[in-house]
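Peer 1: Residue 55 in UniProt numbering sits at position 55 of the sequence shown, with consecutive numbering throughout. Pasting a structure below so you can have a look.
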Amino acid sequence: MNILSYNIRGLGRGIKWASIRRLVGKHKIDLLCLQETKRDSLDKALCQTLWGQSDFEWEWVPAVNTAGGLLCIWNNNNFQVEVKTAERGFIMLEGIQSWCLVGDFNCIRHPAERLGSRHSNSEANLIAKFNDWLAEMEIDDIPCVGKPFTWVRPNGSCKNHCPILMNSKCTDWGPKPFRVFDAWLSNKDY
1 MNILSYNIRG LGRGIKWASI RRLVGKHKID LLCLQETKRD SLDKALCQTL WGQSDFEWEW
61 VPAVNTAGGL LCIWNNNNFQ VEVKTAERGF IMLEGIQSWC LVGDFNCIRH PAERLGSRHS
121 NSEANLIAKF NDWLAEMEID DIPCVGKPFT WVRPNGSCKN HCPILMNSKC TDWGPKPFRV
181 FDAWLSNKDY
């Protein structure tokens with residue numbers, strides 16, 4: 001299964017839409033998770049434009065003013081969802097497979113990840129509670145490979161977060177070969 005998580009910092013129009021569609025097609029994405037869409041309305045036509053195919057399901061949470069907004073689109077042939085829950089700040093998709101927690105947590109995991117930002121004592125308390133919850137749930141923070149942070153600003157022309165692609169691949173090595181050992185044949189009881 002291929003999962004793409006992208007803090008899009010505003011869904012905008014054409015260029016971002018085409019960029020998302022290219023990523024979905026190139027990496028054969030099964031689940032697309034967009035954060036910070038900054039949209040208070042979405043429809044199936046826009047989701048199909050982003051997804052690039054007509055065979056999909058989707059769930060979303062609207063932005064509040066210009067903050068937030070979540071959108072999940074998935075291939076319903078490869079990712080069966082039995083229960084969808086969407087509330088302010090999260091989308092939960094329950095299915096029959098293993099689960100994965102995707103989100104924009106860098107602002108609350110470790111204060112050091114937000115160099116140059118100010119943190120109050122109440123935020124530090126929330127960070128500690130969130131980290132305690134992650135430990136209690138035995139959730140692993142998968143380390144990133146490549147850029148140390150997801151924020152990039154090439155020439156100042158495009159302010160963007162780098163998409164994160166996660167691939168969980170099960171390799172089918174085929175049936176196990178039939179083997180006969182000479183020792184078995186030398187045993188007269190065999």
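Note that the Cβ used here is the ideal one computed from N, Cα and C, for glycine as well.
Just the Cα atoms here: how many angstroms apart are F181 and G174?
Peer 2: 21 Å
Peer 1: Answer with buried or exposed for V64, where buried requires no fewer than 16 other C-beta atoms within 10 angstroms of its C-beta.
Peer 2: exposed
Peer 1: Excluding the 5 residues flanking W17 on each side, which residues of the same chain have their C-beta closer than 7 Å to its C-beta?
Peer 2: T49, L50
Peer 1: What does the alpha-carbon distance come out to for the pair Y6 and L185?
Peer 2: 60 Å
Peer 1: The beta strand (DSSP E) with W58 in it runs from where to where?
Peer 2: 57-61
Peer 1: State buried or exposed for W58, treating a residue as buried only when at least 16 other CB atoms are found within 10 Å of its CB.
Peer 2: Taking all protein chains in view, the Cβ of W58 is crowded by 16 or more other Cβ atoms within 10 Å, so the residue is classified as buried.
Peer 1: Assess contact between the stretch 29-37 and the stretch 70-88, defined as three or more Cβ pairs (one per stretch) separated by less than 8 Å. Is contact present?
Peer 2: Judged by pairs of C-beta atoms under 8 Å, the stretch 29-37 touches the stretch 70-88, as three or more such pairs exist.
Peer 1: In terms of residues, what are the limits of the alpha helix (DSSP H) holding V24?
Peer 2: Where V24 is concerned, the enclosing alpha helix (DSSP H) starts and stops at 14-26.
Peer 1: Return the chain-ordered ranges of every beta strand (DSSP E) run that is complete within the stretch 33-94 and spans a minimum of 3 residues.
Peer 2: 57-61, 70-74, 81-87
Peer 1: Would you kindly work out how many angstroms separate the C-alpha atoms of G10 and W60, rounded to a whole number?
Peer 2: Going from the Cα of G10 to the Cα of W60 covers about 14 Å.
Peer 1: Rounded to a whole number of angstroms, what is the C-alpha to C-alpha distance between P62 and F178?
Peer 2: 56 Å
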